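Sequence order for the protein chains is A and B. Just so you know, the first sequence maps onto residues 20 to 233 in our numbering. Just so you know, the second sequence maps onto residues 7 to 311 in our numbering. Note that CB positions come from ideal geometry on N, CA and C, so glycine has one too. Predicted model only: the values in this text are computed from it and were never measured. A quick write-up on the structure given underneath.
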Amino acid sequence: MSVLLDHLPVIWQGLVVTLQLTVASFLGAAVLGVLVTAMRVSPVGVLRALGTAYVEAFQNLPLLVLLVLAFFGLPEIGIKAEPLVTAIVVISIYEAAYIAEALRSGVNSVGKGQGEAARALGLTFRQSLWYVILPQALRTVVQPLGNIIIALTMNTLLAGAISVVDLTEEAKRINLVEAQPIPIFVGVGLIYALIASGVGFVTGRLERRLVMVR
Amino acid sequence: MKKMVAVVAVSLLGLAACSSTNTSGSPAVPGEAKPAAAEWLAKAPVADAAAILPGSTMEKIKKRGELIVGGSLDAPLLSQQNPVSGEIEGFDADMGKALAKYIIGEPKVKIVNSASETREALLGNGTVDVVFQTYTITPERAEQVAFAGPYYTSGLTIAVKKGTTGIAKPEDLNGKKVIAGANTPAIAAIKKLAPKAEIVTFGSDPECMQALKQDRGVAYVQDETLLIANAKKDPSIEVVGNPFTQDPYGIGLKHGDEQFKTFVNDWLKKTQSAGVWQQVWKNSIGTVVQGEAPAPPQIGSVPGS
């Protein structure tokens, strides 16, 4: 383990980048995910179709393909962004498809009467979704969302393919010099495990606090 | 389901469009049939039965009838799988075949695609017998694995887009964005000679080239041989200066297996004196580098070997 301690500063740098990627991508994905869910449950057929197309497209393409395509492909048509920005945008778009699906299952779990009651009270579709259905839907999908965040954390390491130096990429660089893959990758793996268990802990607490007895 | 099929079809079309723009100019299939290959293999030496000591690693390999080599499948000129024939071609790959012939009598090789991250572990737990993978001998690595050789010396150099000024030596890279292959010794070399350079890494050589052309960095530091080959294929790129490092490539073996190391070093001497090493060089690296094969490096001449 002393190999890791010798390189603590760069591991820290890598961890910061991984956390930046995770947090920023999750926020982006959450916003997009809510929008896509709204489209998927909307009364307008075209919006529903668009939402479905979005989910099918991004859930069914590998993240690595999307990253490489965006990073090397978009500059060919004149769109060029920093690697970190590209990574955050692509991961957000990709994970939004998963978040949208989790949220939709939550929306479907909210009783039909809730929506009807909200509309009967004169709320618009947007208001009934925002004030009545989504708050209830969110409570039922805290755990699946936690799982998506954990998967997202693990997925951030693919950003290494487009030159973002995250935790995994730093580990590879350290190993290149030290040639001790087992302690280095086990150590870095433990850091990921810590992040994941942190997320799991928070979502577990949230779930208990938000639980609704029906 | 229909939607999914449509999405896949559209994306495949998109990918096809991308690749067709890239391949113009350079042939899609590297390395057609090489008639000289059989010639050097016939010349390659075979070990005396007495050299295969009972209970040794070489005996184990001979009994198995196959040499398991840790190597790459995507390193042009060194160890690259020909997409048409499925054969693995290049300097490292052929050296592996020659070693297999020396031990077994036939060039029977199984290449395990080992990444730079896993080479030490694969040797340590016996998944592979040897590693031929531009494995630079360093004292740190020599604590984890044994190195026979060096069997080849190469050096890093700098490539830039044609017309770039102000970059002639590694020190000029300070304060600039520099592209390097992930998991290559270039990263450490740049950090040492130009500590203020920002290093941008990509997994493979074609990606690094694409990044250089898209101005993701002003220079690309890589093994000289590879860069010369790249510059030949792509006239918008040029190589500046001479190699600024000396990287001795070793044959990775299990740490502490002195018997096998001596055996492999003996083989290396024999292939070099038989002219096989030189022929292998001509067939691979010699196809882009002008002139005759260089003198092979002195075995055991670097710290760690």
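Inter-residue Cα distance where the pair is Ala195/B and Thr159/A: Straight-line Cα distance between these residues: approximately 53 angstroms.
Glu197/A (DSSP reduced to helix, strand or coil): Residue state, collapsed to three classes: helix.
Within chain B, partners of Ile96/A - CB distance below 7 angstroms: Those within 7 angstroms of Ile96/A in chain B number zero; the least Cβ separation is about 11 angstroms.
Nonlocal neighbours in the same chain, by C-beta distance under 8 angstroms from Gln32/A, ignoring five residues either side: For Gln32/A, where only same-chain residues beyond five positions count, the Cβ hits under 8 angstroms are Val184, Glu189.
Residues near Met101/B in its chain [Cβ-Cβ closer than 7 angstroms; skip 5 each side]: Closer than 7 angstroms at Cβ, skipping near neighbours: Phe138, Tyr157, Val286.
For Val206/B, the residue or residues it bridges with in DSSP: Beta-bridge annotation (DSSP): Val206/B is paired with Ile185/B.
Residue range of the alpha helix (DSSP H) that includes Pro254/B: In the DSSP annotation of this structure, Pro254/B is not part of any alpha helix (DSSP H); the continuous beta strand (DSSP E) holding it starts and ends at 253 to 260.
Beta-carbon proximity check, Leu84/B vs Ala154/B, cutoff 8 angstroms: Taking 8 angstroms as the cut-off, the beta carbon of Leu84/B is found no closer than this to the beta carbon of Ala154/B.
Alpha-carbon spacing of Leu73/B relative to Thr133/B, whole angstroms: The alpha-carbon atoms of Leu73/B and Thr133/B are separated by roughly 11 angstroms.
Chain-ordered neighbours of Val206/B on chain A, where CB pairs are closer than 8 angstroms: Per Cβ cutoff of 8 angstroms: Pro102, Ser182.
Among Lys288/B, Ala165/B, Leu79/B, Ala53/B, nearest to Ala67/B - alpha-carbon criterion: Residue 67/B is actually Ile in this sequence, not Ala. Checking every option, the nearest Cα to that of Ile67/B belongs to Ala53/B.
Selection from Pro113/B, Ala56/B, Lys198/B, Phe208/B that minimises the alpha carbon distance to Val75/B: That would be Pro113/B, whose Cα lies nearest to the Cα of Val75/B.
Unbroken beta strand (DSSP E) run spanning Gly130/B, endpoints: Run containing Gly130/B: none in the beta strand (DSSP E); it sits in the alpha helix (DSSP H), 125 to 130.
Leu84/B, enclosing beta strand (DSSP E) - first and last residue: For Leu84/B, there is no enclosing beta strand (DSSP E), as DSSP marks it with neither H nor E.
Closer than 8 angstroms to chain B by CB, Val109/A: Not one chain B Cβ lies under 8 angstroms of Val109/A.
Member of Gly297/B, Ser307/B, Val308/B, Trp283/B whose CA lies at the smallest distance from the CA of Lys103/B: Checked all of Gly297/B, Ser307/B, Val308/B, Trp283/B; the closest Cα to Lys103/B is Trp283/B.
Interfacial residues, the region 146 to 170 of chain B to chain A, with Cβ spacing under 7 angstroms: The residues in question are Glu146, Arg147, Gln150.
Residues bridged to Lys175/B [DSSP beta-bridge criterion]: According to DSSP, Lys175/B bridges with nothing at all.
Alpha-carbon spacing of Leu319/A relative to Leu186/A, whole angstroms: Outside the modelled stretch of chain A, which goes from 20 to 233, sits residue 319/A, for which no answer is possible.
contact_flag[the region 166 to 186 of chain B, the region 274 to 283 of chain B] where n(CB pairs < 8 angstroms) is 3 or more: As far as the Cβ criterion goes, the region 166 to 186 of chain B does not touch the region 274 to 283 of chain B, which means the pair count is below three.
Runs of beta strand (DSSP E) wholly within the region 226 to 250 of chain B (minimum 3 residues, chain order): Taking only runs of at least 3 residues, the beta strand (DSSP E) segments lying wholly in the region 226 to 250 of chain B are 243 to 246.
Contact set for Gly206/A: own chain, Cβ-Cβ below 6 angstroms, skip 5 residues either direction: The answer, listed in chain order, is Leu23.
Nearest-angstrom Cβ-Cβ length linking Pro249/B and Leu162/B, presumed shorter than 8 angstroms: Contact holds; Cβ gap of about 6 angstroms.
Alpha-carbon spacing of Ile118/A relative to Gln162/A, whole angstroms: When only Cα atoms are considered, Ile118/A and Gln162/A end up about 12 angstroms apart.
Contacts that Glu89/A makes with chain B (C-beta to C-beta distance below 9 angstroms): Note on residue identity: the sequence assigns Ala, not Glu, to residue 89/A. Think of a sphere of 9 angstroms around the beta carbon of Ala89/A: no beta carbon from chain B falls inside it, the nearest being about 12 angstroms out.
Partner residues on chain B for Glu197/A, Cβ-Cβ distance less than 7 angstroms: Near Glu197/A (Cβ distances below 7 angstroms), the residues of chain B are Glu146.
Under 8 angstroms from the C-beta of Gln216/B: neighbouring residues of chain A: Ordered by position in chain A, the residues that pass the 8 angstroms Cβ test against Gln216/B are Phe91.
When Ala212/A, Ile96/A, Val230/A, Leu229/A are compared against Thr37/A, the one with the closest alpha-carbon: That would be Ala212/A, whose Cα lies nearest to the Cα of Thr37/A.
Residues that Val151/B bridges to, as DSSP identifies them: Paired residue(s): Lys260/B.
Contact with chain A by Glu45/B, beta-carbon distance below 8 angstroms: Interface criterion not met: the Cβ of Glu45/B is under 8 angstroms from no Cβ in chain A.
Short CB-CB distance (under 8 angstroms) between Arg59/A and chain B: Arg59/A does not count as touching chain B.
C-beta contact flag for Ala200/B and Val294/B at 8 angstroms: Contact: no.
Gly77/B - partner residues in DSSP beta bridges: When beta bridges are read from the DSSP output, Gly77/B appears opposite Asn119/B.
CA nearest to the CA of Ser21/A, picked from Phe204/A, Ser61/A, Gly217/A: Across the set Phe204/A, Ser61/A, Gly217/A, the C-alpha of Phe204/A shows the shortest separation from the C-alpha of Ser21/A.
Distance between beta carbons of Thr142/B and Pro191/B, contact taken as under 8 angstroms: Right, the Cβ-Cβ distance comes to about 5 angstroms (below 8 angstroms), so this counts as a contact.
Span separating the alpha-carbon of Gly165/A from that of Val221/A: Their backbone Cα atoms lie some 8 angstroms apart in a straight line.
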